[in-house]
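Asker:
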Amino acid sequence: NLFQAGALVSKGLSALGTEFRAGGMATENNNSPGGFLTYISVMATEDNTTVVFDDFSTGIKIINYTNGATPINAVLNEGESYLIAVASDDGGTPNDLIGTRITSDKAIVVNSGSGTGSFADGSGGRDFGIDQIVGSDKVGNEYIFVKGNGGNVTGDDWENVLIIANTDNTNVFVNDATTPSYNLENAGDWVVIEGDEYSIDDNMYVQTSEDVFVYQGIGGD
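Going by the working numbering, the sequence shown opens with residue 31, and the numbers climb by one from there.
#1: What are the start and end residues of each continuous beta strand (DSSP E) run of 3 or more residues lying completely inside the segment 177-212, in chain order?
#2: Report the three-state DSSP secondary structure of A45 (helix, strand or coil).
#3: Quick one: grab the DSSP three-state call for G145.
#4: Can you list, in chain order, the residues of its chain with a C-beta nearer than 6 Å to that of I90? Leave out the 5 residues immediately preceding and following it.
#5: So is L253 buried or exposed if we call it buried at 16+ other beta carbons inside 10 Å?
#6: So Y228 is in the beta strand (DSSP E); what residue range does that whole segment cover?
#7: Determine the closest residue to V202 out of G178, G165, E240 and G249, with distance taken between C-alpha atoms.
#8: Based on the DSSP output, what are the partners of S87 in its beta bridges?
#9: So, at 7 Å on beta carbons, what are the nonlocal neighbours of D219 in its own chain, with the 5 sequence-adjacent residues on each side left out?
#10: Taking the straight line between their C-alpha atoms, what separation do you get for E49 and G165?
#11: I need the DSSP call for D126, collapsed to helix, strand or coil.
#12: Only counting the same chain, and skipping five residues up and downstream in sequence, which positions put a Cβ closer than 8 Å to that of S71?
#13: Closest to Q237 by CA distance: which of R156, P210 and R51 is it?
#14: Give me, in chain order, the residues of the same chain whose beta-carbon lies closer than 8 Å to that of D329; leave out the 5 immediate sequence neighbours on both sides.
#15: If you draw a straight line from the C-alpha of G98 to the C-alpha of I230, how long is it?
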């Protein structure tokens, strides 16, 4: 891409799993055309692996998927991949893919994220936000985040934390909160914690009542 780039770090054996929740940059400009895209890419590590994509948002429009039926099932052999994506230029709303569940009967590896995405509205710049993620057996319920170099004011739009529930009725506590800051009623529901909730020391402490999938967005002026 002429202006954007992305990189991910392999998680090695830690990447292997059988249940995942997809994340990406939850843009504030979700319904606007202009290149916003969120995707999930899986790769099988054994022959005859069945992969199921489900728990989609209602009305999701997946690129080049004319069947329309969900869940989506794919049978892959070792080294084969399957990718699904939602793009604003194709009439989709990329945020709809966030929280999608990916399950398999044998170990797979999952990459997830956004191409030309933004946690803000994208008018001040966009970039790739992708990663190789870990499965539900390795996520937790206690996280500490350190703010990047996004600066203040506009940076608070970029320096966000995405929390995705994997269990119904998950409470989220931010910093020193003694009552829930957010409640995620259903598995697959998600919330963005904005950058203005970082402390004066540029860190954030998050606890949840159940294990959650977490994605952190950072930026630079």
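We put the beta carbon where it would ideally sit given N, CA and C, even for glycine. The structure presented is a predicted model; accordingly, all values stated were derived computationally and were not measured.
Answerer: Reading it off the structure:
#1: 191-195 and 200-204
#2: Stepping through the sequence shown from its first residue, residue 45 is reached at position 15. Helix.
#3: Here the question's residue 145 lines up with position 115 in the sequence shown. Here G145 sits in strand by DSSP.
#4: Position 60 of the sequence shown, counted from the start, is the residue given in the question as residue 90. Closer than 6 Å at Cβ, skipping near neighbours: D126.
#5: What the structure shows of the chain is the stretch from 31 to 251, and residue 253 is not part of that stretch, so it cannot be assessed.
#6: Within the sequence shown, numbered from 1, the residue matching residue 228 stands at position 198. Per DSSP, Y228 belongs to no beta strand (DSSP E) and is neither H nor E.
#7: Residue 202 sits at position 172 when you count from the first residue of the sequence shown. Comparing Cα positions, the closest option is E240.
#8: Counting from 1 along the sequence shown, the entry for residue 87 is found at position 57. Paired residue(s): none; S87 is not in a bridge.
#9: Along the sequence shown, read from residue 1 onward, the residue named residue 219 stands at position 189. Cβ within range, chain order: G129 and A195.
#10: The count along the sequence shown starts at 1 and reaches residue 49 at position 19. The count along the sequence shown starts at 1 and reaches residue 165 at position 135. Cα-Cα distance, rounded: 5 Å.
#11: Within the sequence shown, the letter at position 96 stands for residue 126. Three-state result, D126: helix.
#12: Stepping through the sequence shown from its first residue, residue 71 is reached at position 41. If we look at S71 and ignore the five residues flanking it on each side, its Cβ neighbours are S111, Y112, L113, V140, N141 and S142.
#13: In the sequence shown, counting from the first residue as 1, residue 237 sits at position 207. Taking only the C-alpha atoms, the option nearest Q237 is P210.
#14: Any question about residue 329 goes unanswered here, given that the chain covers just 31 to 251.
#15: Counting from one through the sequence shown, the residue named residue 98 turns up at place 68. Counting from one through the sequence shown, the residue named residue 230 turns up at place 200. C-alpha separation (whole angstroms): 47 Å.
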